[in-house]
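K.L.:
This is the structure I want to talk about, given as structure tokens.
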Amino acid sequence: DVRHPALAMAAHNPLAAKLAAAAGFDAIWGSGFELSASYAVPDANILSMGTHLEMMRAIGEVQDAPVIADIDTGFGNAVNVAYVVPRYVAAGVAAIVMEDKTFPKDSSLRAGGRQVLVPEGEFQGKIEAAKAAAGGALVVARTEALIAGLGQEEALRRGMAYVEAGADAILIHSKQKTPDEIMAFCRAWTGRVPLVLVPTSYPQLTFADVAALGKVGLIICGNH
């Protein structure tokens, strides 16, 4: 509901997830960033898919809030995506989030990180593969166009292309220290699916301000 965006809290492990659910958050965000942090390694696709998958399963087993699994770039190409998504669905996740960077990735907020996007058509194929394998789980497509410095026009174009490929929502990310770039994107967004925000680098943006946009269905509190 874009009038009342859901709030997802990041969890590093099942205990953190249970605490977040008990605190009243609507969903649990299970990303590579948190898992990498808990293993004391960089967020750069170092840990295996199996490690992440088992953590998502364990998080789902101890609490009832829906789990949103961040599968980074899908661990490869569309063939890899078709392989991994059913396994996440079997683990009980409610949604998967996949981004349009090359594999392996660098963390979006790393200073001087390597932020290279795959071609738009290639990522559309990955979305289609995910949707075909997702069953009732949602597929959220994340564009890193703003992170890569490609500008709003490219971000909007990619977002609309990903909707055409079947994405249920579009996650738009920014590393700017103010919310201006994200607010401008949200106001310009005319897609038929809701947006997802991760306001880690611009925490001054309030939940009320996001709800007032009428475009955002989910806010993720990342690595808290």
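Taking my numbering, the leading residue of the sequence shown gets 34, the next gets one more, and so forth. Where a beta carbon is used, it is the ideal one built from N, C-alpha and C, also for glycine. Computed from a prediction, not measured in an experiment: that's the story for all the values here.
Roughly how far, in whole angstroms, is the beta-carbon of residue 212 from the beta-carbon of residue 232, given that I think they are within contact range, below 8 Å?
P.N.:
Start at 1 with the first residue of the sequence shown, and residue 212 comes out as number 179. Start at 1 with the first residue of the sequence shown, and residue 232 comes out as number 199. Between residue 232 and residue 212 the Cβ distance is about 7 Å, and since that is below 8 Å, they are a contact.
K.L.:
Locate the alpha helix (DSSP H) running through residue 48, then write down its first and last residues.
P.N.:
Against the sequence shown, residue 48 aligns to sequence position 15. Here the alpha helix (DSSP H) through residue 48 covers 47-55.
K.L.:
Given this structure, state the Cα-to-Cα distance separating residue 200 from residue 52, to the nearest angstrom.
P.N.:
Walking along the sequence shown from the start, residue 200 turns up at place 167. Walking along the sequence shown from the start, residue 52 turns up at place 19. Approximately 30 Å, taken between the alpha carbons.
K.L.:
Measuring only the C-alpha atoms, how far is residue 205 from residue 178?
P.N.:
Residue 205 sits at position 172 when you count from the first residue of the sequence shown. Residue 178 sits at position 145 when you count from the first residue of the sequence shown. Residue 205 and residue 178: Cα-Cα distance of roughly 8 Å.
K.L.:
Using a Cβ-Cβ cutoff of less than 7 Å, which residues in the same chain neighbour residue 153 once the five nearest sequence positions on both sides are dropped?
P.N.:
For the purposes of this step, residue 153 is taken as the residue at position 120 of the sequence shown. Cβ neighbours of residue 153 beyond the five flanking positions: 191 and 194.
K.L.:
What does DSSP give as the partner residue(s) for residue 128 in the beta ladder?
P.N.:
As a first step, residue 128 must be located in the sequence shown, where it is residue number 95. Residue 128 is bridged to 101 and 171.
K.L.:
Whose C-alpha, out of 225, 244, 223 and 163, is nearest the C-alpha of residue 118?
P.N.:
Counting from 1 along the sequence shown, the entry for residue 118 is found at position 85. Of 225, 244, 223 and 163, the residue nearest in Cα terms is 163.
K.L.:
With DSSP collapsed to three states, give me the class of residue 134.
P.N.:
Translated into the one-based positions of the sequence shown, residue 134 becomes position 101. Correct three-state label for residue 134: strand.
K.L.:
Return the CA-CA distance between residue 241 and residue 71, expressed in angstroms with no decimal places.
P.N.:
Working through the sequence shown from its first residue, we reach residue 241 at position 208. Working through the sequence shown from its first residue, we reach residue 71 at position 38. The alpha-carbon atoms of residue 241 and residue 71 are separated by roughly 31 Å.
K.L.:
By the 10 Å Cβ neighbour count, where 16 or more other Cβ atoms means buried, how is residue 76 classified, buried or exposed?
P.N.:
Within the sequence shown, numbered from 1, the residue matching residue 76 stands at position 43. The residue is buried, with at least 16 neighbouring Cβ atoms inside 10 Å.
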